[in-house]
Amino acid sequence: MILDRAAFIRDNTRLLVVPHAPEIRLHLADEATTLWQKTEEELGAIGLPPPFWAFAWAGGQALARYVLDHPDSVAGKTVLDVATGSGLVAIAAAKAGAAHIHAVDIDAFAEVAVALNAAENGVAIAASTLDPTGSDDGWNVILAGDICYQRDMTEAMLGWLGPLAEAGRTVLIGDPGRTYLPRDRLEKLAEYEVPVTRALEDLEIKRTGVWRLIG
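Shown next, in the form of structure tokens:
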């Protein structure tokens with residue numbers, strides 16, 4: 594059992610510049626860290642869920658880049674970053690001038706990683722492990738990177754986010770074209786060639802879109 598999550602994150606990651614958003618540095622795992630080498634069984638043995646927070650996924654990188662390049666999309670607004678992982682997208686929103694950012698992830702390690710990464714980048718983010726699906730706290734903008742890799746997760750997210758988009762909220766999704774991406778419900782806003790790790794994505798460059806959910 595890992596008692597000090599912050600110490601574990603610091604000891605098993607390195608502070609690295611995000612390839613497609615070099616304005617941001619995160620605590621990430623790479624080939625030089627032991628966390629990278631551990632199997633899912635080894636992680637389970639030490640009480641660690643799959644550490645999605647330790648990697649800069651393609652959808653999150655693209656969404657962060659879009660927000661940084663289009664600060665008007667979040668500036669002065671209340672923002673929810675769903676399945677935040679490392680907090681990359683939330684940090685980008687903070688740097689772009691969002692009035693308030695709530696970053697959520699069901700993994701308690703992600704909550705701690707967001708706090709560490711936010712501090713490293715000099716921004717304020719409220720992080721929690723609350724599951725926001727089905728709720729509406731009046732956010733102006735909802736950001737969601739890499740949420741379409743499992744059918745059940747995608748359906749649950751869209752069942753919640755669809756009505757919010759129909760009600761006039763801005764819902765932006767970053768995704769490299771994963772299997773369950775609902776293209777018929779999306780408007781593409783931008784596309785990027787995102788540097789990624791071959792071990793994670795089977796490619797070194799992943800063409801990744803930023804989409805607006807249209808309900």
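Residue numbers for the sequence shown, in our numbering: 594 to 808. Virtual Cβ for every residue (Gly too), placed ideally from N, Cα, C.
query: Which ranges would you report for the alpha helix (DSSP H) in the stretch 614 to 668 if only whole runs of at least 4 residues count?
result: 627 to 630, 633 to 638 and 651 to 662
query: Leu736 and Leu656 look like a contact to me (Cβ under 8 Å); what is the Cβ gap, rounded to whole Å?
result: Taking the sequence shown and counting its residues from 1, one reaches residue 736 at position 143. Taking the sequence shown and counting its residues from 1, one reaches residue 656 at position 63. So it is a contact: roughly 6 Å between Cβ atoms.
query: For Leu793, which residues from the same chain have a beta carbon less than 8 Å from its beta carbon, with the 5 sequence-adjacent residues on both sides left out?
result: What you label residue 793 is simply residue 200 of the sequence shown in a count that begins at 1. Here the set comprises Phe648 and Trp650.
field: Assigned exposure category for Leu806 - 16 Cβ within 10 Å defines buried
entry: The residue given as residue 806 occupies position 213 in the sequence shown. So Leu806 ends up on the buried side.
query: Are the stretch 670 to 684 and the stretch 728 to 745 in contact at 8 Å, needing three or more beta carbon pairs?
result: yes
message: Could you give the first and the last residue of the continuous alpha helix (DSSP H) run that contains Pro756?
response: As a first step, residue 756 must be located in the sequence shown, where it is residue number 163. Unbroken alpha helix (DSSP H) run through Pro756: Arg744 to Glu759.
task: Tell me whether the beta-carbon of Leu754 lies closer than 8 Å to the beta-carbon of Asp729.
output: Start at 1 with the first residue of the sequence shown, and residue 754 comes out as number 161. Start at 1 with the first residue of the sequence shown, and residue 729 comes out as number 136. Cβ atoms of Leu754 and Asp729: not closer than 8 Å.
query: Which word fits Lys781, buried or exposed, when buried means at least 16 other C-beta atoms lie within 10 angstroms of its C-beta?
result: Translated into positions along the sequence shown, residue 781 becomes position 188. That one is exposed.
task: Going by CA-CA distance only, name the one from Val803, Glu704 and Trp629 that's closest to Ser679.
output: Residue mapping note: residue 679 aligns to position 86 of the sequence shown, counting from 1. It is Glu704 whose Cα lies nearest to the Cα of Ser679.
- prompt: Based on the DSSP output, what are the partners of Tyr785 in its beta bridges?
  reply: Translated into the one-based positions of the sequence shown, residue 785 becomes position 192. Answer by DSSP bridge pairing, in chain order: Thr801.
task: Identify which residue in Lys688, Trp804 and Pro725 has its Cα closest to the Cα of Val697.
output: Position 104 of the sequence shown, counted from the first residue, corresponds to residue 697. Comparing Cα-Cα distances from Val697 to each of Lys688, Trp804 and Pro725, the minimum goes to Pro725.
- prompt: Is any beta-carbon of chain C found at less than 8 Å from that of Leu673?
  reply: Annotation note: the requested chain C is absent from the structure, which comprises a single protein chain.
task: Inspect the beta-carbon positions of Ile595 and Leu641 and report whether they are closer than 8 Å.
output: By 1-based counting over the sequence shown, the position of residue 595 is 2. By 1-based counting over the sequence shown, the position of residue 641 is 48. Yes, Cβ-Cβ distance for Ile595 and Leu641 is below 8 Å.
message: Using only CA atoms, which one of Trp646, Ile798 and Val789 lies nearest to Phe601?
response: Here the question's residue 601 lines up with position 8 in the sequence shown. Answer by Cα proximity: Trp646.
- request: Would you list the one or two residues that DSSP bridges to Ser721?
  value: Within the sequence shown, the letter at position 128 stands for residue 721. Paired residues: Val697.
message: Please state the DSSP three-state secondary structure of Val705.
response: Looking up residue 705 in the sequence shown gives position 112. It is helical.
message: In this structure, how does DSSP classify Ile735 when only helix, strand and coil are distinguished?
response: Locating residue 735 in the sequence shown gives position 142, where the first residue counts as 1. Reduced to three states, the DSSP call for Ile735 is strand.
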